[in-house]
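The C-terminal position of the sequence shown is numbered 939 in the numbering used here, with every residue numbered one higher than the one before it.
Backbone N, C-alpha and C fix where the C-beta goes; we use that ideal spot for every residue, glycine too.
Predicted model only: the values in this text are computed from it and were never measured.
Presented below is the structure to which this report refers.
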Amino acid sequence: MKLNEVFESYKEYILPTYTKTPLVFVKGKGSNLWDIHNKQYLDFFPGWGVGSLGHCHPKVMQAVRDQVSKLIFIPNNYYHIPQAKLAREIIYWSFAGKVFFCNSGAEANEGAIKLSRKFGNGRFEIITFENSFHGRTLAALSATGQKKYQAGFEPLVQGFKTVKFNDINAVRSALTDKTVAIMLELIQGEGGINVATADFVRQLRQLCDEKNLLLIIDEVQTGLGRTAKMFAFQHYGIMPDIMTLAKALGGGLPIGVMVVSKRIADILGPGMHASTFGGSPLVCRAALAVFGAIQKDKLLKNAQNMGEYLFERLNALKNKYPVINEVRGKGLMAGVELDIEGKAIVQACMDKGLLINCTHDKVLRIMPALTVTKGQINKAIKVLEEALKQG
Ligand SMILES: Cc1ncc(COP(=O)(O)O)c(C=O)c1O
Numbered sequence: 549m550k551l552n553e554v555f556e557s558y559k560e561y562i563l564p565t566y567t568k569t570p571l572v573f574v575k576g577k578g579s580n581l582w583d584i585h586n587k588q589y590l591d592f593f594p595g596w597g598v599g600s601l602g603h604c605h606p607k608v609m610q611a612v613r614d615q616v617s618k619l620i621f622i623p624n625n626y627y628h629i630p631q632a633k634l635a636r637e638i639i640y641w642s643f644a645g646k647v648f649f650c651n652s653g654a655e656a657n658e659g660a661i662k663l664s665r666k667f668g669n670g671r672f673e674i675i676t677f678e679n680s681f682h683g684r685t686l687a688a689l690s691a692t693g694q695k696k697y698q699a700g701f702e703p704l705v706q707g708f709k710t711v712k713f714n715d716i717n718a719v720r721s722a723l724t725d726k727t728v729a730i731m732l733e734l735i736q737g738e739g740g741i742n743v744a745t746a747d748f749v750r751q752l753r754q755l756c757d758e759k760n761l762l763l764i765i766d767e768v769q770t771g772l773g774r775t776a777k778m779f780a781f782q783h784y785g786i787m788p789d790i791m792t793l794a795k796a797l798g799g800g801l802p803i804g805v806m807v808v809s810k811r812i813a814d815i816l817g818p819g820m821h822a823s824t825f826g827g828s829p830l831v832c833r834a835a836l837a838v839f840g841a842i843q844k845d846k847l848l849k850n851a852q853n854m855g856e857y858l859f860e861r862l863n864a865l866k867n868k869y870p871v872i873n874e875v876r877g878k879g880l881m882a883g884v885e886l887d888i889e890g891k892a893i894v895q896a897c898m899d900k901g902l903l904i905n906c907t908h909d910k911v912l913r914i915m916p917a918l919t920v921t922k923g924q925i926n927k928a929i930k931v932l933e934e935a936l937k938q939g
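Laid out in structure tokens, this is it:
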């Protein structure tokens, strides 16, 4: 297909639900992407959080190739080995409990909401936070604390109360005798890279214990080493009751997971919840390869070291360019809050061969692969600085 034919086909046949950037990509390797004209890009926002290993990681490719030739899919009324191994791996890295496999972040969050309602036995209210993002399906959208995503889709699913992030008093004020859970991202991704404070998270955990509420941590964007720990909750010294995962877990293949702590692991029984494609042999092999690569290639350590370096370089830019208000985040999840809208900066970077993102209008989101090198960070910072100079 030629470039124009691609654009025409999208225009004619695909619902226009995405704001599109006119680039057609044909190949990816690590932190690099090539478009249809063979122009090379340095991808510092691979796959909207999916590409934690970068593009086409050799271990994922090998696992997928091997599994494709054996068994791609088997429904969940049977057993298969990759799912058994992956469940064990996820629990090993997170907390004692059990998992439910599905296909996306929103679906994992739907599972968490349903499980909470079943646990509540009449209690059904869930407290969520301003600027949160939990997905586009109706309950996940209702949990999301950003009106712009909800407008036009009312009536929303009832039972969600949205309060100020990092404000324990706001949470306490929202409690009723119907409250069953508190749901949050420890670093709000779509909401502008807002980091939960240690005190706030500790107090949330305490409150959940006192009132018999479930603490649901959405790690769809922060999970799998993004913050330089396998899961972001591990920075906080607390355990969730439910954790949701997706994005990076499949190394590019679609998988979502709800991880449920032991004490509530038997609440959903046979027939109460399901997902046809959830946890197929193929995606489980890919996810096992992701865990394998993170361990073997010491990617948590690399995320820690490269994250420190990235923040050092971004802070140096902040000191030089007053248009930068704040640099925040953890590990390799960085937000650069500007005084101005970030769109033009993202475009200028793209023209120079660097892909980054802008969220919440003014926050540049920089989330390179965990495999990123110092050389690649230097290159990206150079381009970003040129773009900032251009203004
Ligand atoms: C924190 C968080 N939760 C949930 C979702 C929804 O995930 P998905 O698009 O896989 O449904 C996202 C997607 O950006 C996310 O960032």
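Worksheet item: Taking the runs of the beta strand (DSSP E) that are 3 residues or longer, which of them lie wholly in the region 608-668?
Response: Listed in chain order, they are 645-650.
Item to complete: Indicate, with yes or no, if ligand 1 has a heavy atom lying under 7 Å from the CB of residue 525.
Response: Since the first residue of the chain shown is 549 and the last is 939, residue 525 is not available in this structure.
Worksheet item: So, are the CB atoms of residue 772 and residue 744 less than 8 Å apart?
Response: Translated into positions along the sequence shown, residue 772 becomes position 224. Translated into positions along the sequence shown, residue 744 becomes position 196. The answer is no: Cβ separation not under 8 Å.
Discussion item. As a quick exercise: from 835, 932 and 830, pick the residue whose alpha carbon is nearest that of residue 864.
Written reply: Stepping through the sequence shown from its first residue, residue 864 is reached at position 316. Of the candidates 835, 932 and 830, the one whose C-alpha sits nearest the C-alpha of residue 864 is 932.
Worksheet entry | Cβ-Cβ separation, residue 925 to residue 972 (assumed contact under 8 Å), whole Å | Beyond the ends of the chain as shown, which are 549 and 939, falls residue 972; an answer cannot be given.
Practice prompt. Please state if the CB of residue 605 and the CB of residue 829 are separated by a distance shorter than 8 Å.
Written response: The sequence position of residue 829 within the sequence shown is 281, counting from 1. The sequence position of residue 605 within the sequence shown is 57, counting from 1. For residue 829 and residue 605, no; Cβs fall outside 8 Å.
Discussion item. At a threshold of 7 Å, does residue 908 count as lining ligand 1 (C-beta to nearest heavy atom)?
Written reply: In the sequence shown, counting from the first residue as 1, residue 908 sits at position 360. Outside the cutoff, so no.
Worksheet entry | Status (buried if at least 16 other CB within 10 Å, exposed otherwise) for residue 560 | Taking the sequence shown and counting its residues from 1, the one referred to as residue 560 is at position 12. Residue 560 is exposed by the Cβ-count criterion.
Worksheet item: When DSSP builds the beta bridges, which residues end up paired with residue 876?
Response: Counting from 1 along the sequence shown, the entry for residue 876 is found at position 328. Partner residues in the beta bridge of residue 876, as assigned by DSSP, are 883.
Discussion item. Considering only DSSP beta bridges, list what residue 588 is partnered with.
Written reply: In the sequence shown, residue 588 corresponds to position 40, counting from 1. DSSP, once it has assigned bridges, lists 582 as partnering residue 588.
Worksheet item: residue 752 and residue 728: beta carbons closer than 8 Å?
Response: Working through the sequence shown from its first residue, we reach residue 752 at position 204. Working through the sequence shown from its first residue, we reach residue 728 at position 180. Note that the C-beta distance between residue 752 and residue 728 is not below 8 Å.
Item to complete: Rank 911, 677 and 852 by C-alpha distance to the C-alpha of residue 887 and give the top, closest one.
Response: Within the sequence shown, residue 887 is the residue found at index 339, counting from 1. Of 911, 677 and 852, the residue nearest in Cα terms is 911.
Practice prompt. Pull up the distance between the alpha-carbon of residue 746 and that of residue 558, whole angstroms please.
Written response: Position 198 of the sequence shown, counting from 1, holds the residue named residue 746. Position 10 of the sequence shown, counting from 1, holds the residue named residue 558. Roughly 45 Å between the two C-alpha positions.
Discussion item. To the nearest angstrom, how far is the alpha carbon of residue 621 from that of residue 646?
Written reply: Position 73 of the sequence shown, counted from the first residue, corresponds to residue 621. Position 98 of the sequence shown, counted from the first residue, corresponds to residue 646. Going by the C-alpha atoms only, they are around 22 Å apart.
Worksheet item: Is residue 698 near ligand 1, going by C-beta to nearest heavy atom under 7 Å?
Response: Working through the sequence shown from its first residue, we reach residue 698 at position 150. With a cut-off of 7 Å, the C-beta of residue 698 is classified as distant from ligand 1, since no heavy atom of the ligand falls inside that distance.
Item to complete: Provide the residue span of the alpha helix (DSSP H) that contains residue 827, from first to last.
Response: Numbered from its first residue, the sequence shown carries residue 827 at position 279. Element bounds for residue 827: n/a, residue is neither H nor E.
Worksheet item: In this structure, does DSSP put residue 781 in helix, strand or coil?
Response: Position 233 of the sequence shown, counting from 1, holds the residue named residue 781. It is helical.
Practice prompt. Grab me the residues of residue 810's own chain with a C-beta within less than 7 Å of its C-beta, minus the 5 sequence neighbours each way, in chain order.
Written response: In the sequence shown, counting from the first residue as 1, residue 810 sits at position 262. These residues qualify, in order along the chain: 644 and 645.
Worksheet entry | Cβ shell of residue 927 (< 7 Å), same chain only, five flanking positions each side left out | If you number the sequence shown from 1, residue 927 lands on position 379. Around residue 927: 590.
Worksheet item: When the distance is taken between beta carbons, is residue 929 closer than 8 Å to residue 876?
Response: The count along the sequence shown starts at 1 and reaches residue 876 at position 328. The count along the sequence shown starts at 1 and reaches residue 929 at position 381. Contact: no.
Practice prompt. Return helix, strand or coil for residue 906, following the three-state DSSP convention.
Written response: Stepping through the sequence shown from its first residue, residue 906 is reached at position 358. Of the three classes helix, strand and coil, the one that applies to residue 906 here is strand, per DSSP.
Fill in: residue 594 vs residue 617 beta-carbon contact at 8 Å
As a working note, residue 594 is residue 46 in the sequence shown. As a working note, residue 617 is residue 69 in the sequence shown. For residue 594 and residue 617, no; Cβs fall outside 8 Å.
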